[in-house]
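Everything below concerns the one structure shown next.
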Amino acid sequence: MNKITILGGGSWGTAIARLLANKHGDATLYILEKPQAAYVQKYRENPHFLPGVKLSEALKITDSIKEAVKDAKYVVLGVPTSASRSVMEEIKDLLEKDAIVINLAKGIEVGTLKRISEIAEELIPNHSFVSLSGPSHAEEVGRDIPTAVTVSSKDEDAAKEIQDLFSTENFRVYTQKDLIGVEIGGALKNIIALAAGLSDGLGYGDNTKAALMTRGMYEMSKLGICLGAAPQTFHGLAGMGDLIVTCTSMHSRNRRCGILLGQGKSIDEAIEEVGMVVEGIKTTKSAYHLAQKYQVEMPITEKLYDVLYHRQDPKKAVLSLMTRKKKEEIEEIFYENEKK
């Protein structure tokens, strides 16, 4: 059997490692921290990130990235966006010639404003790269709750291969040709989930959240189209599907962080209480600068950026959104795409 390796012992990496080990009878999970790796190896559980979920003996645990990547046909990146570049730098000379790299993170790199596939093109250009996205909380995937996701790649054969690799009776995998749309949808929904959580923390209601989600989807689509994505991608699992689950579930780190911010906690306090990486905070900065670069109007993102990075009062940010200049709901860019 071709070796399967998962890099990253967080909640999502652990859930996917469990899924793949259970399906294929063998998989390797790399965990950076030696004490954590030793604990997971001994007790077959990752209590901080995925409590109550038992891992089978079929899942090998290692704290050696070299050992993990050696001879692996499939290498799954289960690390946050901010660590993607450094991990790819570390493994680029360790990868087997025919290895396929599968990414689980959802974000845009701060500074370069690159999607993760663009980082892969820069660092590991000779390897097929596949992005997995969609509404998929680790807490539920780890308990075999029915879930549907999508995979996308410039290499359609690789996408289909990964579809087969991951598919189980409880984990349905679709393929998607629009890699840009899948990555942008997965990244930007975290921004809207932060805003939705902020709304909850401020005590606003269902009307407010519905407006945020709807207009948030609109912002995601606008930037995506500008970057070359297909509009219909945002109506699928990597867009609407992920947006719904991330804005409404308490499993969502971004929503939980937003709630805490709305209740008056500082960013550092909120992140510490969540206890895991909150991708939406850095993605807000990246998306804000992307919007400026391409002159795309993204008012929710802009106001959230002001709240996070300029300490604007959240209630004033909401007031500013509600009292913006009156306009048409649907802009010409969407009609132009329909004609095309």
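Take any residue in the sequence shown, count from 1 to its spot, add 916: that is its number in my numbering.
All residues carry an ideal CB built from backbone N, CA and C; glycine is no exception.
All figures in this text were calculated on a predicted structure; none of them were measured in a lab.
Taking DSSP's pairing of strands, which residues face residue i in a bridge?
| i | result |
| --- | --- |
| phenylalanine 1087 | Thr1063 and Thr1084 |
| threonine 1130 | DSSP output for threonine 1130 lists no bridge partner at all. |
| glutamine 1092 | Ser1068 |
| glycine 943 | Per the sequence presented here, residue 943 reads as alanine, with glycine not at that position. Alanine 943 is bridged to Leu975. |
| leucine 966 | Asn962 |
| isoleucine 1024 | Arg1031 |
Please report the residue range of the beta strand (DSSP E) in which residue i lies.
| i | result |
| --- | --- |
| serine 1049 | 1045–1049 |
| alanine 997 | Per the sequence presented here, residue 997 reads as threonine, with alanine not at that position. Here threonine 997 belongs to no beta strand (DSSP E); instead the alpha helix (DSSP H) covers 997–1007. |
| asparagine 962 | No beta strand (DSSP E) contains asparagine 962, which DSSP labels as neither H nor E. |
| isoleucine 1016 | 1016–1019 |
If the criterion is Cβ atoms closer than 8 Å, does the pair residue i and residue j meet it?
| i | j | result |
| --- | --- | --- |
| serine 1236 | lysine 1219 | yes |
| glycine 1050 | glycine 1157 | yes |
| glycine 1174 | alanine 1109 | yes |
| lysine 1198 | leucine 1029 | no |
| alanine 953 | isoleucine 920 | no |
| isoleucine 1100 | leucine 1153 | no |
| threonine 1149 | glutamine 1092 | yes |
| isoleucine 1016 | glutamate 1077 | yes |
| valine 1057 | leucine 945 | no |
| glycine 1023 | glutamate 1195 | yes |
| alanine 937 | leucine 975 | yes |
| valine 1098 | threonine 1066 | yes |
| lysine 1013 | asparagine 918 | no |
| threonine 1162 | lysine 1243 | no |
| proline 996 | valine 1193 | yes |
| glycine 1155 | methionine 1133 | yes |
| alanine 1075 | serine 1083 | no |
| alanine 1145 | isoleucine 1096 | yes |
| alanine 1054 | alanine 933 | no |
| arginine 1171 | alanine 1127 | no |
Cα-Cα, which of the options is closest to residue i?
| i | options | result |
| --- | --- | --- |
| methionine 1129 | Met1238, Gly1178, Ile1216 and Ile1040 | Ile1216 |
| arginine 1088 | Ile1096, Leu1095, Gln1079 and Asp1094 | Gln1079 |
| leucine 971 | Ser980, Lys1242, Thr1124 and Gly929 | Gly929 |
| glutamine 957 | Thr978, Ala937 and Phe965 | Thr978 |
| tyrosine 1204 | Lys1138, Glu973 and Gly1180 | Lys1138 |
| isoleucine 922 | Pro1147, Leu966 and Ile1018 | Ile1018 |
| alanine 984 | Ala999, Val995 and Leu1011 | Leu1011 |
| alanine 1036 | Glu1055, Arg1059 and Met1004 | Met1004 |
| lysine 1070 | Met1214, Val1046, Met1192 and Ala1127 | Val1046 |
| glutamate 1006 | Glu1025, Lys989, Ser980 and Gly1027 | Ser980 |
| leucine 1020 | Val1234, Gly926 and Pro1230 | Gly926 |
| lysine 1008 | Ile1040, Asp1222 and Ser998 | Ile1040 |
| arginine 1001 | Lys986, Val1026 and Gly1117 | Val1026 |
| glycine 1117 | Glu1247, Ser1083, Arg1240 and Ala1186 | Ala1186 |
| glutamine 1228 | Leu1114, Leu1159, Ile1160 and Glu1038 | Leu1114 |
| leucine 1048 | His964, Ile947, Asp1094 and Glu1038 | Asp1094 |
| leucine 948 | Glu973, Lys939 and Lys982 | Lys982 |
Under DSSP, the alpha helix (DSSP H) around residue i begins and ends at which residues?
| i | result |
| --- | --- |
| isoleucine 1096 | 1095–1117 |
| glycine 991 | Per the sequence shown, the amino acid found at residue 991 is valine instead of glycine. That residue, valine 991, is in no alpha helix (DSSP H); its beta strand (DSSP E) goes 988–993. |
| alanine 954 | 950–959 |
| threonine 921 | Careful: threonine 921 lies outside any alpha helix (DSSP H), inside the beta strand (DSSP E) at 919–923. |
| serine 1033 | 1032–1039 |
| asparagine 1170 | 1169–1178 |
| leucine 1159 | 1158–1164 |
Using a Cβ-Cβ cut-off of 8 Å, state whether residue i counts as contacting chain B.
| i | result |
| --- | --- |
| tyrosine 1120 | In the structure shown, chain B cannot be found, because there is only a single protein chain. |
Any beta strand (DSSP E) of 3 or more consecutive residues that is wholly inside the segment 1181–1226: none
Minimum length 4: unbroken alpha helix (DSSP H) runs contained in the segment 1225–1249: 1230–1238
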